[in-house]
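**Q**
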Amino acid sequence: MKTAEWQLLRSRWEMVEGGRAPAARRQRVPFRGACVLSAGERREKALAASRDMTRQRAPRAPETRAPLSGSVLAEAAVVFAVVLSIHAVVMDRYSWCAVALAVQAFYVQYKWDRLLQQGSAVFQFRMSANSGLLPASMVMPLLGLVMKERCQAAGNPYFERFGIVVAATGMAVSFFSSVLALGITRPLPTNTCVISGLAGCVITYIMKHSLRVGEVIEVLEVLLIFVYLNMILLYLLPRCFTPGEALLVLGGISFTLNQLIKRSLTVAESQGDPVDVFLLVAVVGMVLMGLIFSSIFAFTDSGTWVSSIFFHLMSCVLVLGVALPWLYRLIRRNPLFWLFQFLFQTEIRIYLLAYWSLLATFACLVVLYQNAKRSSSESKKHQAPTITRKYFHFIVVATYIPGIIFDRHLLYVAATVCLAVFIFLEYVRYFRIKPLGHTLRSLLSLFLDERDSGPLILTHIYLLLGMSLPIWLIPRPCTETGSLGGARALVPYAGVLAVGVGDTVASIFGSTMGEIRWPGTKKTFEGTMTSIFAQIISVALILIFDNEVDINHSYAWILGSISTVSLLEAYTTQIDNLLLPLYLLILLMA
């Protein structure tokens, strides 16, 4: 009976199937095969089919070009004001090259911003900011121009040519970053390529008839080092830099490495103070140490005790077996004896070292106290407020001002040692080296902000660099004849004014009392005005306590420089601790 009923149902089903179209029968074949699938597999196939249908039905959005924001245009206007001011002071063929570079960098910055928005950049850059190509591209060329002018006025032809090389190198690495952005932009921006090509032709023609053969080779060497460092460090350190910050930081490291190689090959002919060589060896040595440990720990776990012991032993080998012999070859004396004799040469230096040790202890106590507050609070994601982070700015100001007034050479060397210690501790934190690696991760996580989005924490290192670069970059052989008079006498204080006073006051007053915001930014009008006012008061105090500073009726230029840099602080999204002191240094030295 059951067999007869089954045959009847089967015959009726075949009659129904026979009346359907062949296409319908073909569509049912996958469904019959799906009967042997599990419930989870059928669900996954159904979801995949629905996604395919959604993709087919969804209309493709047309590609639109994002307009330039008001903050980017305002930042560009401030940078162009600085470029034109330096051009008006210098007014030679090199300054015309700087103007051409600024024009093409403005157009290419828009392409970089589009690449970052679309996620089409070659490397992973910091996403909480724009590309920053224009302000970063102009730092090295403008710095080279003002160094050339000051050394030419002082009658020092060696450092005058050195300033020209700095300017040419900055233009070369900036133009390479522009070419990189244009090369990966699709479709190819014809108008921007024409503008960049014209600017490149002008710069190449002028530099070809201005640089000597050895200087051209030096520029090309720096460019080659810069290309390799870009490929290595931007791959190892994703989201740590914007394109502009990478240009500024890696360009500086490349130039430093090339200078060290040049001095090592020409020891007998090299000119300069041993403290300059000490800075070069410290910076290059710490960068090479990071590259070595990154290549080693890419294949092993760096958080074990075996790896930690290897890290400490290898660090001792690199310092004692590479860095110190390198220093000995360059300064022709025992580096440890020279450093000990230099630090304790006078009674003032002993007092300054004791005072700085107290400030360093106080800074460590602030970090420990803030972490104790976080541990006692209910929320483990507690972050230090803005005012708390600015405590370190006040501590740095209290550190640098006595050093600038009483002993700049000691401050030069102490800042170099501090930079090496900061970078070494960041390696310990990054690689989780025992016994301090995890402790440093916990302590420093309290002071993170949106700019520390990558694997490295660089904010405190940028603060140290911003305060120290005006001390390191001032052409000391060109200042012995008194060529740094007027507003140029404030050049060593550029970091103190821009970062230690201006940025700190703007952040505190802007976050607590600011109501009127600059268009397109979170910065406030009240913060900027109080920043300018505080820097003017600081200049007055410097005139009272530092007898060597004589601004010589350059009040208008000083006020204009401070106001321009304060406006740049309001609109830039780059690392202000690094960018602002350099621009104030350039304006004051002009």
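Counting from 77, one number per residue, gives the positions in the sequence shown under our numbering.
C-beta: ideal position from N, C-alpha, C; glycine also.
This structure is a prediction, so every number in the text was calculated from the model and none was measured.
Determine the DSSP secondary structure at T600, reduced to helix, strand or coil.
**A** Here residue 600 is taken as the residue at index 524 of the sequence shown, counted from 1. DSSP places T600 in strand when its eight states are reduced to three.
**Q** Secondary structure at R315, three-state DSSP: helix, strand or coil?
**A** Stepping through the sequence shown from its first residue, residue 315 is reached at position 239. Looking at R315 - three-state DSSP - the assignment turns out to be coil, as it is neither helix nor strand.
**Q** Along the chain, where does the alpha helix (DSSP H) containing C554 start, and where does it finish?
**A** Counting from one through the sequence shown, the residue named residue 554 turns up at place 478. Run containing C554: none; DSSP gives neither H nor E here.
**Q** Given a threshold of 16 other Cβ atoms within 10 Å of its Cβ, counted over all protein chains shown, does G542 qualify as buried or as exposed?
**A** By 1-based counting over the sequence shown, the position of residue 542 is 466. Buried, by the Cβ-count rule.
**Q** Excluding five sequence neighbours on each side, which residues of the same chain lie with their C-beta closer than 6 Å to the C-beta of P350?
**A** For the purposes of this step, residue 350 is taken as residue 274 along the sequence shown, with counting starting at 1. Contacts found: I407.
**Q** Along the chain, which unbroken stretches of the alpha helix (DSSP H) at least 4 residues long are found entirely within the stretch 325-382?
**A** Complete alpha helix (DSSP H) runs here, min 4: 350-373.
**Q** Is the beta carbon of M214 closer than 8 Å to that of P551?
**A** Walking along the sequence shown from the start, residue 551 turns up at place 475. Walking along the sequence shown from the start, residue 214 turns up at place 138. Going by C-beta atoms, P551 is not nearer than 8 Å to M214.
**Q** Considering only their Cβ atoms, is the gap separating I426 from D483 smaller than 8 Å?
**A** In the sequence shown, residue 483 corresponds to position 407, counting from 1. In the sequence shown, residue 426 corresponds to position 350, counting from 1. Against a cut-off of 8 Å, the Cβ pair of I426 and D483 comes out as no contact.
**Q** Go to A536, then tell me how far its alpha helix (DSSP H) extends in each direction, as first and last residue.
**A** If you number the sequence shown from 1, residue 536 lands on position 460. Checking the displayed sequence, the identity of residue 536 turns out to be His instead of Ala. Where H536 is concerned, the enclosing alpha helix (DSSP H) stretches over T535 to L549.
**Q** Could you say if the stretch 183-190 and the stretch 251-261 meet the contact criterion of at least three C-beta pairs nearer than 8 Å?
**A** The answer is yes - the stretch 251-261 touches the stretch 183-190, with three or more Cβ pairs under 8 Å.
**Q** If the criterion is Cβ atoms closer than 8 Å, does the pair G571 and P546 meet it?
**A** Here residue 571 is taken as the residue at index 495 of the sequence shown, counted from 1. Here residue 546 is taken as the residue at index 470 of the sequence shown, counted from 1. The answer is yes: Cβ separation under 8 Å.
**Q** Assign E120 to one of three DSSP states: helix, strand, or coil.
**A** Taking the sequence shown and counting its residues from 1, the one referred to as residue 120 is at position 44. Only weak support is given to the placement of E120: the predicted model assigns it a pLDDT of 49, under 50, and the question is left unresolved by the model.
**Q** Does the pairing of the stretch 314-325 with the stretch 641-655 give three or more beta-carbon distances under 8 Å?
**A** Yes, the stretch 314-325 touches the stretch 641-655.
**Q** I need the DSSP call for R408, collapsed to helix, strand or coil.
**A** Counting from one through the sequence shown, the residue named residue 408 turns up at place 332. DSSP places R408 in coil when its eight states are reduced to three.
**Q** Around the C-beta of T648, are 16 or more other C-beta atoms found within 10 angstroms, so that it is buried, or is it exposed?
**A** Start at 1 with the first residue of the sequence shown, and residue 648 comes out as number 572. With 16 or more other Cβ atoms within 10 Å, it is buried.
**Q** Quick check: what's the CA-CA separation for F156 versus Y281?
**A** Locating residue 156 in the sequence shown gives position 80, where the first residue counts as 1. Locating residue 281 in the sequence shown gives position 205, where the first residue counts as 1. One C-alpha to the other measures close to 23 Å.
**Q** Excluding the 5 residues flanking T462 on each side, which residues of the same chain have their C-beta closer than 8 Å to its C-beta?
**A** Walking along the sequence shown from the start, residue 462 turns up at place 386. S583, I584 and S587.
**Q** Would you mind sorting Q417 into buried or exposed? The rule is 16 or more other CB atoms within 10 Å of its CB.
**A** As a working mapping, residue 417 is identified with position 341 in the sequence shown. Q417 comes out exposed.
**Q** What ranges does the beta strand (DSSP E) occupy inside the stretch 139-180, keeping only unbroken runs of at least 3 residues that lie completely in it?
**A** None, since the stretch 139-180 contains no complete beta strand (DSSP E) of that length.
**Q** Less than 6 Å between C-beta atoms, sequence neighbours within five positions excluded: which residues of the same chain meet that for L394?
**A** Walking along the sequence shown from the start, residue 394 turns up at place 318. Cβ neighbours of L394 beyond the five flanking positions: M365.
**Q** Three-state secondary structure (DSSP) at R593?
**A** As a first step, residue 593 is located in the sequence shown; it is residue number 517 there, counting from the start. Of the three classes helix, strand and coil, the one that applies to R593 here is strand, per DSSP.
**Q** Find out if the Cβ-Cβ distance for the pair I608, S630 is shorter than 8 Å.
**A** By one-based count along the sequence shown, residue 608 stands at place 532. By one-based count along the sequence shown, residue 630 stands at place 554. No, the pair does not count as a contact, with Cβ atoms beyond the cut-off.
**Q** Could you check which residue in V641, A150, S391 and E225 has the C-alpha nearest to that of A496?
**A** In the sequence shown, the residue the question calls residue 496 occupies position 420. Measuring from the Cα of A496, the nearest candidate turns out to be S391.
**Q** Which of helix, strand or coil does DSSP assign to Q421?
**A** Position 345 of the sequence shown, counted from the first residue, corresponds to residue 421. Looking at Q421 - three-state DSSP - the assignment turns out to be coil, as it is neither helix nor strand.
**Q** Report the rounded CA-to-CA distance for V575 versus I537, giving the unit in angstroms.
**A** The count along the sequence shown starts at 1 and reaches residue 575 at position 499. The count along the sequence shown starts at 1 and reaches residue 537 at position 461. Going from the Cα of V575 to the Cα of I537 covers about 13 Å.
**Q** Using the rule of at least 16 other Cβ atoms within 10 Å of the residue's Cβ for burial, across every protein chain shown, is Q421 buried or exposed?
**A** For the purposes of this step, residue 421 is taken as residue 345 along the sequence shown, with counting starting at 1. Exposed.
**Q** Assess contact between the stretch 434-450 and the stretch 507-527, defined as three or more Cβ pairs (one per stretch) separated by less than 8 Å. Is contact present?
**A** Touching, yes, given that three or more Cβ pairs across the two stretches are closer than 8 Å.
**Q** Do the stretch 297-310 and the stretch 325-340 meet, that is, are 3 or more Cβ pairs less than 8 Å apart?
**A** Verdict: yes, contact present.
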